[in-house]
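Trainee:
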Amino acid sequence: MSQPKVRIYRDCDLVYAAEARCPCGAGMAYVRGGTDEPGGGRYWDCADILTGRAVDSGKPGSVMHTGRAPFVFYEIKSEGQPSACGLTTRPAGSKPALRARIWDKVCDVRNAVTETVEAIWDRE
Ligand SMILES: [Zn+2]
Numbered sequence: 003m004s005q006p007k008v009r010i011y012r013d014c015d016l017v018y019a020a021e022a023r024c025p026c027g028a029g030m031a032y033v034r035g036g037t038d039e040p041g042g043g044r045y046w047d048c049a050d051i052l053t054g055r056a057v058d059s060g061k062p063g064s065v066m067h068t069g070r071a072p073f074v075f076y077e078i079k080s081e082g083q084p085s086a087c088g089l090t091t092r093p094a095g096s097k098p099a100l101r102a103r104i105w106d107k108v109c110d111v112r113n114a115v116t117e118t119v120e121a122i123w124d125r126e
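As numbered in my numbering, residues 3 to 126 make up the sequence shown, in order.
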């Protein structure tokens with residue numbers, strides 16, 4: 003399967019799925035904060051594709067990978083969700099960067115504020 007060219011990301015730039023894996027065995031992942039592509043596409047993709055570890059299709063040793071799974075159509079549990087209970091498909095030894103973990107907290111707070119404002123708005 004031909005994959006659109008993407009910037010090469012580091013493991014610490016990615017949020018990994020708790021359990022979902024590409025047929026190649028790598029974890030599914032998405033780029034924290036979205037990609038640089040037009041529209042800031044947010045989608046799940048094979049981590050080996052996103053990190054450039056995958057062998058280009060057509061070259062010796064290349065394997066089949068999943069296609070992109072846009073957020074709006076796919077419900078994949080991420081490693082960051084409390085219900086993931088620490089499960090992750092992240093390669094052993096790699097950790098999300100500190101700023102990534104802080105960003106997660108910022109998103110939590112932002113979501114909480116949005117929900118509160120909407121609840122108040124609905125009551126007015
Ligand atoms: Zn793959």
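A virtual CB, placed ideally from N, CA and C, is assigned to each residue, including glycine.
Please name the residue in GLY82, PRO62, GLU117, MET66 whose C-alpha comes closest to that of LEU16.
Mentor: Minimum Cα distance to LEU16 is reached at GLY82.
Trainee: Distance, Cα to Cα, CYS48 vs SER85?
Mentor: Cα to Cα, CYS48 sits roughly 22 Å from SER85.
Trainee: Which residue's Cα is closest to the Cα of GLU140: CYS14, ARG12, ALA31?
Mentor: Beyond the ends of the chain as shown, which are 3 and 126, falls residue 140; an answer cannot be given.
Trainee: Compute the minimum distance between the beta carbon of ILE51 and the heavy atoms of ligand 1, and state whether it is under 8 Å.
Mentor: Checking the Cβ of ILE51 against ligand 1 gives yes.
Trainee: Examine chain B for any beta-carbon lying closer than 9 Å to the beta-carbon of PHE75, and answer yes or no.
Mentor: Structure shown: chain B not included; a single protein chain is present.
Trainee: With a CB to CB cut of under 7 Å and the five nearest residues on each side skipped, what residues in its chain are close to LEU52?
Mentor: Excluding sequence neighbours, LEU52 sits near VAL8, TYR11, LEU16, ALA31, VAL33.
Trainee: If ASP13 and SER96 are in contact, beta carbons under 8 Å, what's the gap, nearest whole angstrom?
Mentor: Indeed, because the Cβ distance is near 4 Å, the residues count as touching under 8 Å.
Trainee: Count the other C-beta atoms from every protein chain shown that fall within 10 angstroms of the C-beta of PHE75, then say buried if there are 16 or more, exposed otherwise.
Mentor: PHE75 comes out exposed.
Trainee: Is the beta carbon of ALA19 less than 9 Å from the beta carbon of ASP50?
Mentor: Their beta carbons are not under 9 Å apart, which means ALA19 does not touch ASP50 by this criterion.
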